[in-house]
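Take a look at the structure below.
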Amino acid sequence: MEGLVKKIKGIRNEMIGLSIVLMLAGIFMILFPNTSGNIICRGVGAVLCIWGVVRLVAYFRNNEILGSFGLVQGVALAGFGLYILIRPGIIEVFLTTVFAIIIIVDGILKLQYALDFRKLDAGGWWIEAVCAAVMIILGIVVLFNPFATVAAVMLFIGVVFVFEGAWDLASILYISKIAKEFNK
1 MEGLVKKIKG IRNEMIGLSI VLMLAGIFMI LFPNTSGNII CRGVGAVLCI
51 WGVVRLVAYF RNNEILGSFG LVQGVALAGF GLYILIRPGI IEVFLTTVFA
101 IIIIVDGILK LQYALDFRKL DAGGWWIEAV CAAVMIILGI VVLFNPFATV
151 AAVMLFIGVV FVFEGAWDLA SILYISKIAK EFNK
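Residue numbers (the UniProt record's numbering): 1 to 184.
Have a look at this one:
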């Protein structure tokens with residue numbers, strides 16, 4: 001039981017960290033809507049390059065054979081990362097779609113939380129349901145991108161990310177509270 005409690009606390013702390021990162025990313029997008037997409041693409045490209053090099057080093061260092069795809073993974077990751085670094089504008093076009101999918105999936109996850117709260121007879125479950133609906137609608141808005149410029153969509157996504165991160169943080173704290181009450 002102690003191991004389970006430790007694992008749950010670890011997951012909670014990880015989710016808190018992700019919520020904070022989401023809010024910081026949103027603030028960054030709000031402050032720099034004209035350049036945030038390009039910077040995010042370059043950051044993803046750099047991470048992919050590093051990941052690819054790590055896979056290549058691991059492949060050659062460990063003398064992996066038969067069934068190992070370390071060489072292919074390393075070359076593919078580094079190559080794709082390098083391509084993104086060289087031509088971030090091409091990937092930036094898809095960035096809003098990726099963000100929209102993230103927002104919609106998070107909204108569906110929030111809907112699951114709301115339904116779980118309802119099953120537990122937790123008060124305020126409907127607040128989570130309303131937030132889930134709002135997130136799904138905002139994600140759909142981003143997906144269909146009615147904005148005139150990339151800067152406008154980045155600003156909108158930034159606001160959504162700040163809201164989403166703050167709401168996730170509040171939800172995590174509420175879930176922790178319910179779990180403590182449930183265990184008593």
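Where is the CB? At the ideal position from N, CA and C, for every residue including glycine.
Beta-carbon proximity check, residue i vs residue j, cutoff 9 Å
i, j, result
"Val162", "Ile30", "yes"
"Ala132", "Lys110", "yes"
"Cys49", "Glu92", "no"
"Gly124", "Ala100", "no"
"Gly52", "Ile84", "no"
"Asn62", "Gly74", "no"
"Glu164", "Ile103", "yes"
"Ile108", "Ile136", "yes"
"Gly158", "Ile11", "no"
"Val150", "Asn34", "yes"
"Met23", "Ala166", "yes"
Status (buried if at least 16 other CB within 10 Å, exposed otherwise) for residue i
i, result
"Asp106", "buried"
"Val153", "buried"
"Gly43", "exposed"
"residue 233", "This structure cannot speak to residue 233, because the chain is shown only from 1 to 184."
"Val160", "buried"
Distance cut-off 8 Å: residue i Cβ against heavy atoms of the ligand HEM
i, result
"Leu95", "What this structure holds is no ligand at all, so the ligand HEM is not there to describe."
Cβ separation of residue i and residue j, assumed to be a contact under 8 Å, to the nearest whole Å
i, j, result
"Ile172", "Ser19", "7 Å"
"Leu56", "Thr97", "Not really, about 30 Å apart at Cβ, beyond 8 Å."
"Ile178", "Ala122", "5 Å"
Candidates the options, of which the one nearest residue i by Cα
i, options, result
"Gly81", "Ile175, Tyr174, Val47", "Val47"
"Val21", "Tyr59, Asp168, Ile127", "Asp168"
"Phe156", "Ala25, Met15, Tyr59, Lys6", "Ala25"
"residue 217", "Gly17, Ile175, Lys9, Ile16", "This structure does not reach residue 217, given that the chain is present from 1 up to 184, and the question cannot be answered."
(Q) Can you confirm whether the region 145–165 touches the region 113–120 when touching is taken to mean that 3 or more C-beta pairs between the two stretches lie within less than 8 Å? (A) The answer is no - the region 145–165 does not touch the region 113–120, with fewer than three Cβ pairs under 8 Å.
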